[in-house]
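Trainee: Quick one: the structure is below, and I'll ask about it shortly.
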Amino acid sequence: MSDKAICKWSKSAYQTKFELLLSFVEDPKFICTKCGRAANKKKVLCKPRSMKDHL
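Per full-length UniProt numbering, the sequence shown starts with residue 1, numbered consecutively.
As structure tokens, this is what we get:
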């Protein structure tokens with residue numbers, strides 16, 4: 001697993017780690033308030049915020 005938030009991944013990392021990315025974005029629970037990416041784990045985003053509180 002990558003220690004780097006998906007927000008900080010390079011364009012090539014999105015291609016080479018595609019399966020890992022899919023596991024992070026399946027059934028998202030958090031959204032990054034900096035870039036708008038969504039994920040199911042808080043630790044993979046740089047500025048995560050729970051979507052549950054706002055739905």
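Where a beta carbon is used, it is the ideal one built from N, C-alpha and C, also for glycine.
Got a sec, what are the start and stop residues for the alpha helix (DSSP H) residue 12 sits in?
Mentor: To locate residue 12, count along the sequence shown from 1; it is residue 12. Taken as a continuous stretch (DSSP letters only), the alpha helix (DSSP H) holding residue 12 covers 11 to 16.
Trainee: Thinking C-alpha only, which one of 16, 42, 52, 11 is nearest residue 25?
Mentor: Here the question's residue 25 lines up with position 25 in the sequence shown. With distances taken between Cα atoms, residue 25 lies closest to 42.
Trainee: Which value, in whole angstroms, describes the spacing of the CA atoms of residue 35 and residue 7?
Mentor: Here residue 35 corresponds to residue number 35 of the sequence shown, with the count starting at 1. Here residue 7 corresponds to residue number 7 of the sequence shown, with the count starting at 1. Spanning the two alpha carbons is a distance of roughly 7 Å.
Trainee: What is the rounded straight-line gap between the Cα of residue 30 and the Cα of residue 44?
Mentor: Taking the first residue of the sequence shown as position 1, residue 30 is located at position 30. Taking the first residue of the sequence shown as position 1, residue 44 is located at position 44. Answer to the nearest angstrom: the Cα atoms are 10 Å apart.
Trainee: Which residues in the same chain have their Cβ closer than 7 Å to the Cβ of residue 49, if we skip the five residues on either side of it in sequence?
Mentor: Taking the sequence shown and counting its residues from 1, the one referred to as residue 49 is at position 49. Taken in chain order, the residues that qualify are 30, 31, 33.
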